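Numbering (the numbering used here), first residue to last: 291 to 1265. These notes are about the structure you will find just below.
Pasting the structure below:
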């Protein structure tokens, strides 16, 4: 044996130095231990390549994760947890626990190589090449590499705390072994920083798998499990809030879980938990701040005056000229400073580090803090961010400036959603200043309304009204308009839609140049090109139409909302109000997507996301609407991966903290998390219903009908609860929270139940809906027709199908109209009228092609593929489009992509395991002459990831090379 372990825990290497056994074995797992299957699975996949890097600062659970993975290889994982695991591992992974080396501070190169050699050769205990554990000289590395290359299976080595390695020769030697061990060395390392230069070529070669802070962060579901494991379960809303406050940081969550169990009211305590908690603050100071250079730490402290900074803002706050370089360097270390994708980029600290930095900022004297706020106010005012400028001006006591900002930028200061900055509120202005200038109190109230503090905003409004009684007439009129705008804002934040409409009427009465303008005339739509109203009148129109549009959208009155936002968008563009324009553009994009007008929806959403107000984590709710619109666009174009990604982005931007699509949808659909977590907030429930519509369709596509039904049902229930709470009908539509969205969710549920053969339940759901509204809406009539066709009653299906080509059908959502047209063509073919079916299909193809609709064909009834194939043979003006649709159309029998495919009169053996969406994408590239490296470049993936997918494709298709896989895929109609 090359080494022996003594009773003292020291491994004595023959011919070499004594080694600590504790550095060659994984440490003990913490108790209680939460197993995280998604991360363990990523590590399982990563070791298929040469190097897996787990990179994050202190407290992100790197060692705990690697220990769990290493011990899981011995079976401990199955003993300590009950979760699903993928049993189909590569053979080179099924070989017992990996070798382990713990790097310690001060390790010399010779000392570290002694441990590395002991760990590597420990895998050769029974091998003929076992030899004494002696630190190799550089010329002996070839011998060690040769030993590794002779092994039948790869040796897996975990190297914990790689950042402690100070000898470049060690890193160079590791890189040498990875290159020359013929793939028999799989290195898994944990480090606080990026790869050292000696290992960067592995990244360039695509032979690197990386897990960073975003991967290691706890999801909402994992936070809930951790709290239960610590005996401190919390309500769902409190769990979400804790995840948001900690950013999923594992150490912070463990501190919170330990402390919450000792509190009489843990849910209320979570609201106050942050980076200023003594244990968290001490940890962050010791492990994060003390590791920074004094200039970098001071920069972060001064920048804590705001929520997020840009390099030029940081320069203005600190007097430096190199803030951008410092901030970029801190981001590279990862975990506690984040950068967005805008140009120039914005930076913001982790929520808990931000709490601590603000605590340290308080250590500056009052005069210095005031100077920082004045500089911030100057910068924000110069960069068209009046809301931020107002907050800093009030905090710095710049009363005249605060009033001036309100008078000049009041339309941009109207908050449309609750968006907190996380910074402390400014103090209320002194009574003497308010008496001299009542508009100052309105400015303070507007700032508080922007932060979602309705109570404080209402108090400031009362102060302003009391002080304004003696204002002269011209100034009193101006004051009245600003006060009414604030009243309207407060009504919106409270969800009081009747008061919103009354507030709009008052605003139009006091804010238009032409007295006596009625509400109906003033809100009939966007002003025409020759409209004489400009300036203040257009600002009033933009604010009024936006408020009405948001109320209509929250009530589910989508058609009216779209009209309102069109008017608001036109008015905002006329007066150059980008914040108001963004609100109108993002909601318009979502409504266009719901209407099936995908091309303008995509164009509007992408243009909105590129607007300056969407940068720097501001206007996050508005950005969320744009992402949700793009998710719908991708869904209807049958781009499942893109739809899922946009859905997750929407959840993150709207304030939901779940990181999985299912978690995002659940929160959006049932808690109104996008709007402060108020479960009965109509706006939150409405946007949640849209997300549920998208997610349920994706679940249906992936072969999870029960989950799809559950998501749709929860969203419908939430809409129903809102409708009952409103106790009144919404003007021009269904009761609040009902209407079109509820019907579309019901239709989706009926379709899924019909696909599963549960026709009785599907009939009952439609019958219950008919008791409330005897005449079915087009989407429900279409669902009924599909159900009758599945029941085999072609005549009943034909009778139930709405006339999709009638003049009034032009007002239907295009998705509904297209689906009805496709079904009409199927029924015509069933009736033996092939010519009519062809004409109908040509008309549908024309309508669909304008916006890129594909889902209506590719995810439709089995007969649709046969219809398309027959149409291709008979001739069509849309041959390329139909050819692609025939290739991609699948049989929706509850199976996802890669399930059994069937053409006309042809049956093939189904795959034992369906291909995923990503595998299908890569499979299509395998038809080309592109190499794996080029495919990776096309898809923005690592080569290692592409290789893993290719291996899975070969396995699932029972192929050994690319040509065989393509041939098999074509036989299955996957290509």
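Backbone N, C-alpha and C define an ideal beta-carbon position, used for all residues, glycine too. If you're wondering where the values come from, they're calculated on a predicted model, not measured in any experiment.
Segment limits, alpha helix (DSSP H) that includes residue 1141:
Residue 1141: not part of any alpha helix (DSSP H); DSSP gives it neither H nor E.
Can you tell me the Cα-Cα spacing of residue 888 and residue 1100, whole angstroms?
Near 15 Å, if we compare the C-alpha coordinates of residue 1100 and residue 888.
I need the boundaries of the alpha helix (DSSP H) containing residue 606, first residue and last residue.
In the DSSP assignment, residue 606 falls within the unbroken alpha helix (DSSP H) covering 601 to 608.
Less than 8 Å between the CB atoms is what I'm expecting for residue 663 and residue 595, so what's the real figure, rounded?
Sure, about 6 Å apart at Cβ, within 8 Å.
Going by Cα to Cα distance, which pick from 981, 517, 1041 is closest to residue 996?
Closest in alpha carbon position to residue 996, among 981, 517, 1041, is 1041.
Near residue 1092, what residues of its chain come up, given a Cβ to Cβ distance below 7 Å and the 5 sequence neighbours on each side ignored?
The beta carbon of residue 1092 sits closer than 7 Å to the beta carbons of 1068, 1071, 1072, 1110 from its chain, once the five residues preceding and following it are set aside; these are given in chain order.
Can you tell me which residues form a DSSP beta bridge with residue 446?
Answer is 476, bridged to residue 446.
For the pair the segment 887 to 902 and the segment 864 to 877, tell me if three or more CB-CB distances fall below 8 Å.
Touching, per the Cβ criterion.
Runs of 4 residues minimum, wholly inside the segment 812 to 891: which ones carry the alpha helix (DSSP H) assignment?
Taken in chain order, the complete alpha helix (DSSP H) segments of 4 residues or longer contained in the segment 812 to 891 are 826 to 844, 848 to 865, 868 to 884.
Could you have a look at residue 552 and say whether DSSP puts it in helix, strand or coil?
Assignment of residue 552 by DSSP, reduced to helix, strand and coil, places it in the coil class.
For residue 581, does the count of other Cβ atoms within 10 angstroms reach 16, so buried, or fall short, so exposed?
With fewer than 16 Cβ atoms within 10 Å of its Cβ, residue 581 is classed as exposed.
Starting from residue 390, trace the beta strand (DSSP E) in both directions and tell me its first and last residue.
Residue 390 -> beta strand (DSSP E) spans 389 to 392.
Per the DSSP calculation, residue 639 is bridged to which residue(s)?
627, per the DSSP bridge assignment.
Beta-carbon separation (whole angstroms), residue 704 vs residue 597, contact threshold 8 Å
Contact flag wrong, Cβ pair sits at about 20 Å.
Buried or exposed for residue 490, please, with buried defined as at least 16 other CB atoms from any protein chain shown within 10 angstroms of its CB.
So residue 490 ends up on the exposed side.
Which residues in the same chain as residue 1220 place their Cβ atom closer than 8 Å to its Cβ, once the five residues preceding and following it in sequence are excluded?
Contacts found: 1228.
Spatial neighbours of residue 364 within its chain, please: C-beta separation below 8 Å, excluding the five flanking residues on both sides.
The predicted position of residue 364 is uncertain, since its pLDDT is 47 and thus under 50; a value taken from the coordinates is nonetheless stated next. 386, 387.
Residue 1352 - containing beta strand (DSSP E), residue span:
The question about residue 1352 has no answer, for the chain in this structure spans 291 to 1265.
Is it buried or exposed, residue 675, if we count other Cβ atoms within 10 angstroms and call 16 or more buried?
Buried is the call here.
Please report the distance separating the alpha-carbon of residue 1144 from that of residue 1235.
Looking at the backbone, the Cα of residue 1144 and that of residue 1235 are separated by about 28 Å.
Taking only three categories from DSSP, how would you classify residue 344?
The answer is strand: DSSP assigns residue 344 an E or B state.
Start-to-end residues for the beta strand (DSSP E) that takes in residue 721
For residue 721, there is no enclosing beta strand (DSSP E); the residue is part of the alpha helix (DSSP H) that begins and ends at 721 to 726.
How far does the beta strand (DSSP E) with residue 308 in it reach, from first residue to last?
308 to 310 is the extent of the beta strand (DSSP E) around residue 308.
What residues in its chain sit with their C-beta under 6 Å from that of residue 528, if we drop five residues either side in the sequence?
557, 560, listed in sequence order.
Using 8 Å as the threshold, is the segment 905 to 919 in touch with the segment 1127 to 1138, meaning 3 or more CB pairs across them?
Verdict: no, contact absent.
Shorter than 7 Å from the beta carbon of residue 1204 to some beta carbon of chain D?
This model lacks chain D altogether; it includes just one protein chain.
What three-state label does DSSP hand residue 471 in the structure shown?
DSSP places residue 471 in coil when its eight states are reduced to three.
Looking at the structure shown, is residue 481 part of a helix, part of a strand, or coil, going by DSSP?
The answer is strand: DSSP assigns residue 481 an E or B state.
If you drop the 5 nearest sequence neighbours on each side, which residues of the same chain put their C-beta closer than 6 Å to that of residue 671?
Within the same chain, residue 671 has close Cβ partners 679.
Is there contact between the segment 324 to 338 and the segment 462 to 472, where contact requires at least three CB pairs shorter than 8 Å?
By the Cβ criterion, the segment 324 to 338 is not in contact with the segment 462 to 472, since fewer than three pairs of Cβ atoms, one from each stretch, lie closer than 8 Å.
How many angstroms separate the CA atom of residue 356 from the CA atom of residue 499?
About 14 Å.
Is the Cβ-Cβ distance between residue 936 and residue 917 less than 7 Å?
Cβ distance < 7 Å, so residue 936 and residue 917 count as in contact.
Could you tell me the distance, in whole angstroms, from the CA atom of residue 727 to the CA atom of residue 718?
Note on geometry: alpha-carbon atoms of residue 727 and residue 718 lie some 14 Å from one another.
Identity of the residue in 1134, 519, 856, 1252 nearest residue 832 by Cα
Ranking 1134, 519, 856, 1252 by CA distance to the CA of residue 832 puts 856 first.
Residue 983 to residue 457, Cα distance in whole Å?
Going from the Cα of residue 983 to the Cα of residue 457 covers about 56 Å.
Find out if the Cβ-Cβ distance for the pair residue 497, residue 339 is shorter than 7 Å.
For the pair residue 497 and residue 339, the CB atoms are nearer than the 7 Å cut-off.
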